[in-house]
Amino acid sequence: MPTNFTVVPVEDTPISNPDYDEAINKEENKEETCTAAGPNSGEETPRETSSLISTDHDDSIYGKNMALYEDEMDSTPMVSSLLNKLANYTNITQGALEHEEAESEDGIQRVTVNGPQMGTFIGVFLPCMQNILGVILFLRLTWIVGTAGIMEALAIVFMCCSCTMLTAISMSAIATNGVVPAGGSYYMISRALGPEFGGAVGLCVYLGTTFAGSMYILGTMEIFLTYIMPNAAVFEAKSREPTGMQNNMRIYGTFCLVIMTLVVFVGVKYVNKMALVFLSCVMLSIMAIYAGVIQSAIKPPNSQHRVCLLGNRTLQNSRFDKCEKTELINNVTTPTQLWKLFCKGGIENATCDEYFTHNNLTEIQAVRGLLSGVISDNMWGHYGQYRDIVSPERASDKSDESHYVLHDVTTFFTLLVGIYFPSVTGIMAGSNRSGDLRDPQRSIPTGTIMAIATTSIIYLSCVVLFGACIEGVVLRDKYGKSVNGTLAVATLAWPSSWVIVIGSFFSCCGAGLQSLTGAPRILQAIARDGIMPFLQVFGHSKSNGEPTWALLLTAAICEIGILIGSLDHVAPILSMFFLMCYLFVNLACAVQTLLRTPNWRPRFKFYHWSLSFLGMSLSLSLMFVSSWYYAFVVILFSGCIYKYIEYRGAEKEWGDGIRGLSLNAAQYALIKLEEAPPHTKNWRPQLLVLLKLDSDLGVKHPCLLSFTSQLKAGKGLTIVCSVLEGTYMAREADAKLSEKNIKAAMAKEKTKGFCHVVVSSNQRDGFSHLIQSAGLGGMKHNSVLMAWPANWKQAESSLSWKNFIETIRETTAAHQALLVAKNIDKFPTNQDRLDEGTIDVWWIVHDGGLLMLLPFLLRQHKVWRRCKMRIFTVAQMDDNSIQMKKDLQMFLYHLRLDAKVEVVEMHAGDISAFTYEKTLVMEQRSQMLKQMQLSKTEREREIQSISDESRNSIRRKPLGEKPTQSNKFQVPTIILDEEAQLIHDRNTKSHATLNDKATPTSDRVHMTWTKEKLISERNRHREAHMTVRDIFNMKPDQTNVRRMHTAVKLNEVVVKKSKGAKLVLLNMPGPPKNKGGDENYMEFLEVLTEGLERVLLVRGSSREVITIYS
1 MPTNFTVVPV EDTPISNPDY DEAINKEENK EETCTAAGPN SGEETPRETS SLISTDHDDS
61 IYGKNMALYE DEMDSTPMVS SLLNKLANYT NITQGALEHE EAESEDGIQR VTVNGPQMGT
121 FIGVFLPCMQ NILGVILFLR LTWIVGTAGI MEALAIVFMC CSCTMLTAIS MSAIATNGVV
181 PAGGSYYMIS RALGPEFGGA VGLCVYLGTT FAGSMYILGT MEIFLTYIMP NAAVFEAKSR
241 EPTGMQNNMR IYGTFCLVIM TLVVFVGVKY VNKMALVFLS CVMLSIMAIY AGVIQSAIKP
301 PNSQHRVCLL GNRTLQNSRF DKCEKTELIN NVTTPTQLWK LFCKGGIENA TCDEYFTHNN
361 LTEIQAVRGL LSGVISDNMW GHYGQYRDIV SPERASDKSD ESHYVLHDVT TFFTLLVGIY
421 FPSVTGIMAG SNRSGDLRDP QRSIPTGTIM AIATTSIIYL SCVVLFGACI EGVVLRDKYG
481 KSVNGTLAVA TLAWPSSWVI VIGSFFSCCG AGLQSLTGAP RILQAIARDG IMPFLQVFGH
541 SKSNGEPTWA LLLTAAICEI GILIGSLDHV APILSMFFLM CYLFVNLACA VQTLLRTPNW
601 RPRFKFYHWS LSFLGMSLSL SLMFVSSWYY AFVVILFSGC IYKYIEYRGA EKEWGDGIRG
661 LSLNAAQYAL IKLEEAPPHT KNWRPQLLVL LKLDSDLGVK HPCLLSFTSQ LKAGKGLTIV
721 CSVLEGTYMA READAKLSEK NIKAAMAKEK TKGFCHVVVS SNQRDGFSHL IQSAGLGGMK
781 HNSVLMAWPA NWKQAESSLS WKNFIETIRE TTAAHQALLV AKNIDKFPTN QDRLDEGTID
841 VWWIVHDGGL LMLLPFLLRQ HKVWRRCKMR IFTVAQMDDN SIQMKKDLQM FLYHLRLDAK
901 VEVVEMHAGD ISAFTYEKTL VMEQRSQMLK QMQLSKTERE REIQSISDES RNSIRRKPLG
961 EKPTQSNKFQ VPTIILDEEA QLIHDRNTKS HATLNDKATP TSDRVHMTWT KEKLISERNR
1021 HREAHMTVRD IFNMKPDQTN VRRMHTAVKL NEVVVKKSKG AKLVLLNMPG PPKNKGGDEN
1081 YMEFLEVLTE GLERVLLVRG SSREVITIYS
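The sequence shown begins at 1 in UniProt numbering and counts up by one.
Written out as structure tokens, the structure is:
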């Protein structure tokens, strides 16, 4: 639907109030003074700059009518400014356009760029025609038609042209979805499929273009050594030793490569100037072919090119002048040169070849004519084996004689497909020049598709015309030996065969130069993107933009192709690289179309995802049809580059389709996961790692991340979190810096997962929010990993251990497992390799099997792989320890866990004096700390909490009113009346009324209490006013004594059995329900783990996490 825009002019009316202007000027002066330190001073983070957004503005540009938006001009410019920037934007292809700086009248340096002026015909159609029509058309198409027949040759041409046409449709959609700068197909694929696919396919395009240069140079040398100057050969090409011709190609090809490299090194402008000459040679050669076809239909063919057959064997006529055995000279029968090739001696006593004696010589026309009916003979294929003699019949004989025309290779259909496909490449020539086009989004689709359609018609018509005009044996004669060393297609040319020979020679030269010009720029574009570190050196260029190092590498790789020495062997290699590129172009278009991303708005509308998938399938099929082993090699090469970029390359966010596909897949998977909780067989610890940061916002315990990676090994969910105290507006920069530091530590410790830093008023609330809300949908954590609060006794504040205990309570309430690593800094890093040792599991209470699953997961990592697993369980006096051991061994057998089992008996002995004394010291210390820390402010805070908890039972009464409830008691004397009234006033009045003194007639606070609350408050009140003498005369609580006894006895057994263990896993007892015993709880855990080097306290989530069933 078209969109209409209306531009409304706004007059800039001056403000008539001078006082207002003066005030505004003062404010602006103040702002300028404050911002004199720079735009990024203070805690603000610098904004990302954009080439289309200007931050320079003043009243002369925006006017005072837009003052309402002046505070946002830095990030959101006026529409007029934006449109001005877009209008002046030009896309310059690397090294293709030269620009110079000019100084305007106002003294500002501006860049004057020679704008793109080429249209569809010059900029897209002709370059594509030049790259598509080339060496294969002149050197191999006649041989393909003669070998495969007209029908199969048409099938080959149709498949290859269909592949390029479908790819051109997909490419047109991608190219018209935005500006395509330097890099061409590499840029399109990388921005559509991401840097991994883009880098892999970009290298394929680069190598394909480089080997195309090798193929064109080999074609040039074949024309030169076979048809122009055969006497220039250094090595003699013998029939039994084809390496002679290959050696000649290698020598002359290397010499030609050096000359072409020097030409490209001097400057691309010379190559561009000669491009029109080379294109003219191609067009004249094709016109000469069609003229020859018309001439053969109008006028009977001449006798210039004739083929001599001995029986059904084709002879090389370069060694004789007459197709006769004998001739009459002065009425005397004289043997001819052909006789001397097969016979020894005179006519009377000659010893001749048997086949020569029994068969007659036949001379036929090489070009039979369009209306001769030879098309029926060439309709079907005549495939031959290596060193078979070329003959009119399908069945042929083998021979080692050099007098016959022989097949130099075993021919079959798939071989011909691989050799022919390079003739249809070059469809990217238009998109590579998008920066030079006047309207790329219109020229690229039109010019490319028209060029493919035109060249397809040319190829299809040439297949039919070659088969209808030229004799079959001449078509199958690859090097024209049967027609006196003339190029097969040149026999059909008019007015002379030299038009084709010279035209094809310059055509191959021009195509080779174009390849050596384009390939280094593709490599330079890849290197400058920075996705592969080892290619960075090839991103440098000369002062004029020429990629020198990339050109040298291109010449070296091109030399490898030349050393192969055969055009037929190089053609399938570059076919693989180009087919891989076309495959991913179609994939990119299909993915973008199916994802329907908002940015996918191509101007080219004649595309569909099904066409892209058809083109992708056809490209993949042609790869394996041409050469299955080359296809595997190229796929493996692309896969290696993909993985290299994934692990070592720079991270790039280009809004690619693969990322969008991943988001869609993740959304679908999350929705499916949320339908039902995971089964026990699929349960694994999904960790929420609670980190603490130091004063520099660095990770305080990096070994916690190492232990996480050892436990997870990259599997499952890992969320690494931390909390900063404060407000987000004030600590936004600190939060980003903390997240950056955590990600760096995760990368160093090879911890795969997500990172999140939250800012909260206090750490307790921050960790609580993370435990409740971390994760998304079905991908939520089920376990929390944290470090033991070290030195909690010596800490000035009790917040560390109080937050720790509250975290334990919240994970229990959320039905999540809790892992607490004690002495975490002594845990091994990922670089350590533990010697043979044990991982000891002390299974005291059943927690769902998490204690037994954790050692199994740890032993999958190379750090713990050599450690053995031992499981200890505790038996009471009335338990049968022998039977317990048997049952536990059977249970472990069904769990498929390899572990040593031991049952430890703990006798119910008397409580020792040491235990009694340790409990007493613990309680005395706790009371002394409370006495020391209980100031007036602390008492007010406690009164505040009491008032909040009993808000429902607080009510205001008149002084003379009596209580009506008999089961509750009034407690007016728990605290001082003035303090109670002060807290109540703070909760109910504003700060203004707090300054007024309370009158004697003001209302009093009456709190009603249950009996249990009354007793607890009396005890708390008594503890608050306890003297030092009372502390030293107190007796320990019996519950604490029993718990301390358990901790001491269990610690003695654990230390005795697991003193030398590499890691000890213990059931973590739950915190007390009464918060008054939190400090004692920490003491119990300290006593329980005393004397152990590495301890992992585990608290299960009350669900089974391991099963004996399959």
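From the three backbone atoms N, C-alpha and C, an ideal C-beta is built for every residue, glycine too.
Counting along the chain, residue 843 sits inside the beta strand (DSSP E) bounded by residues 838 to 843. A straight line joining the alpha-carbon of residue 548 with that of residue 525 spans about 13 Å. Excluding its 5 nearest sequence neighbours in each direction, residue 221 has C-beta neighbours in its own chain below 6 Å: 249, 252 and 253, listed in chain order. Boundaries of the alpha helix (DSSP H) around residue 881: 881 to 894.
In the DSSP assignment, residue 1080 falls outside any beta strand (DSSP E) and within the unbroken alpha helix (DSSP H) covering 1078 to 1088.
Here DSSP, grouped into helix, strand and coil, assigns residue 809 to helix. Residue 1081 counts as buried, since no fewer than 16 other beta carbons sit within 10 angstroms of its beta carbon.
Judged by their CB atoms, residue 186 and residue 194 are not nearer to each other than the 8 Å cut-off.
Residue 426 is not a Cβ neighbour of residue 448, given a cutoff of 8 Å. Bridge pairing for residue 719: 688 and 754 [DSSP]. Judged by pairs of C-beta atoms under 8 Å, the region 716 to 727 does not touch the region 795 to 805, as fewer than three such pairs exist. Under the criterion of beta carbons closer than 8 Å, residue 504 and residue 138 qualify as touching, at roughly 4 Å.
When DSSP states are grouped into helix, strand and coil, residue 428 belongs to the coil group. With distances taken between CA atoms, residue 1046 lies nearest to 844 out of 893, 1106, 844 and 1105.
For the options 331, 344, 482 and 349, the alpha carbon positioned closest to that of residue 363 is the one of 482.
Residue 326: member of the beta strand (DSSP E) spanning 326 to 329, first to last residue. With respect to the C-alpha of residue 277, the residue from 848, 390 and 513 having the closest C-alpha is 513.
In this structure the region 370 to 387 does not touch the region 279 to 287; the number of beta carbon pairs closer than 8 Å is below three. The criterion of a C-beta distance shorter than 8 Å is not satisfied by residue 170 and residue 432. In the three-state DSSP reduction, residue 255 falls in the helix class (H, G or I). According to DSSP, residue pairing for residue 854 in a beta bridge does not occur. Fewer than three pairs of CB atoms, one per stretch, sit closer than 8 Å, so the region 786 to 794 makes no contact with the region 725 to 734. Taking each of 390, 620 and 647 in turn and checking the Cα distance to residue 632, the smallest one comes out for 620. 8 Å or more divides the Cβ of residue 119 from the Cβ of residue 318. Sorting 463, 218, 1097 and 401 by C-alpha distance to the C-alpha of residue 566 places 218 at the top. In the three-state reduction of the DSSP assignment, residue 875 falls in the strand class. DSSP, read as helix, strand or coil, puts residue 135 in helix. Listed in chain order, the non-local C-beta contacts of residue 274 below 8 Å within the same chain comprise 510 and 513, local neighbours out to five positions each way being set aside.
In this chain, the beta strand (DSSP E) harbouring residue 335 covers 332 to 335.
Within its own chain, the residues whose Cβ lies closer than 6 Å to the Cβ of residue 456, once the five positions on either side in sequence are excluded, are 161, listed in chain order. In the DSSP assignment, residue 441 falls within the alpha helix (DSSP H) that extends over 440 to 469. By the beta-carbon neighbour count (other beta carbons within 10 angstroms, threshold 16), residue 1108 is exposed. Note that the C-beta distance between residue 468 and residue 375 is below 8 Å.
Take the alpha-carbon of residue 143 and the one of residue 412: they are about 12 Å apart. Straight through space, the alpha carbons of residue 401 and residue 391 are spaced by roughly 15 Å.
Contact between the region 1081 to 1100 and the region 1042 to 1058 is established, with three or more Cβ pairs separated by less than 8 Å.
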